[in-house]
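Residues 1 to 168 in our numbering are what the sequence shown lists, from first letter to last.
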Amino acid sequence: MSSIVIYFSRAGENYFGGELKNIEKGNTEVIAEYIQEIDNAELFKVETVIDYPTDYMECIDVAKKEKQVVARPKIKKTLESIEEYDTIYIGFPNWWGTLPMAMFTQLEQLDFAGKIIKPFVTHEGSGFGSSQKDLAKLCSGGEIKNGLSIPGANVGNAKEQVEAWINE
Ligand SMILES: Cc1cc2nc3c(=O)[nH]c(=O)nc-3n(C[C@H](O)[C@H](O)[C@H](O)COP(=O)(O)O)c2cc1C
């Protein structure tokens, strides 16, 4: 059985319980690396050609516009196939209630038929938001399992929770 984590995560300025902090590694990436370690999964990070602003408020604005215009931002590298994997972990921060638009750019390229999909989100209070509805469309043909939702500020303590979820 082999697995891959397809994820998006942004380092830089972010909110932690009402306080802005600069982080070197995004919250979602922390979880992706736990999965790599626990399930021996490969990692595929979705990265946009144009970086998002490090400044939190600027990034909020850029992301809001992208969602409004249903953007599909160009990504540096596209994962062409998931044929060799049985389990596909899909990880992302909640951006304006759903996945960052760059995840749509990537996921729309893949065929999820017959795959097991395990989604996870990091967030600042809204959990999955409406992303599960979007995931159902993006991953049609796949079997979407229970999702894991972790507040961004808690990722450092979430390893056991991640392990339990992987083994569900
Ligand atoms: C552009 C943007 C939009 C966001 N929108 C939401 C939101 O709608 N609901 C929420 O709970 N958190 C929201 N957040 C907070 C992030 O989901 C949270 O900080 C997440 O852990 C960031 O993950 P990352 O460090 O992997 O990028 C937003 C953050 C950004 C930068």
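Each residue gets a CB set at the ideal place from its N, CA and C atoms; glycine is no exception.
DSSP links Lys115 through a beta bridge to no other residue. By the neighbour-count definition (other C-beta atoms within 10 Å, threshold 16), Leu20 is an exposed residue. For Phe104, there is no enclosing beta strand (DSSP E); the residue is part of the alpha helix (DSSP H) that begins and ends at 101-107. For Val62, the enclosing alpha helix (DSSP H) stretches over residues 56-68. Look at Asn40 here: in three-state DSSP terms it is coil, with no helix or strand label. In this structure, the alpha-carbon of Glu42 lies about 15 angstroms from that of Ile116.
In the same chain as Glu163, and ignoring 5 residues on each side of it, the C-beta atoms closer than 7 angstroms to its own belong to Ile38, in chain order. Rounded to whole angstroms, Tyr7 and Lys45 show a C-alpha spacing of 5 angstroms.
When the five nearest sequence neighbours on each side are left out, the beta carbons in the same chain lying within less than 6 angstroms of the beta carbon of Leu107 are those of Leu138, in order along the chain.
Annotation for Ser149: Val121, Gly127, Phe128 place their beta carbon closer than 6 angstroms to its own, counting only its chain and skipping 5 residues before and after. Taking C-alpha positions only, Gly26 is separated from Ala153 by approximately 11 angstroms. With 16 or more other Cβ atoms from the protein chains shown falling within 10 Å of its own Cβ, Ser131 counts as buried.
In the DSSP assignment, the residues bridged to Glu13 are Asn22.
With respect to Glu13, Asp55 sits close: the two C-beta atoms are nearer than 7 angstroms. Secondary structure at Ile166: helix, using DSSP grouped into helix, strand and coil.
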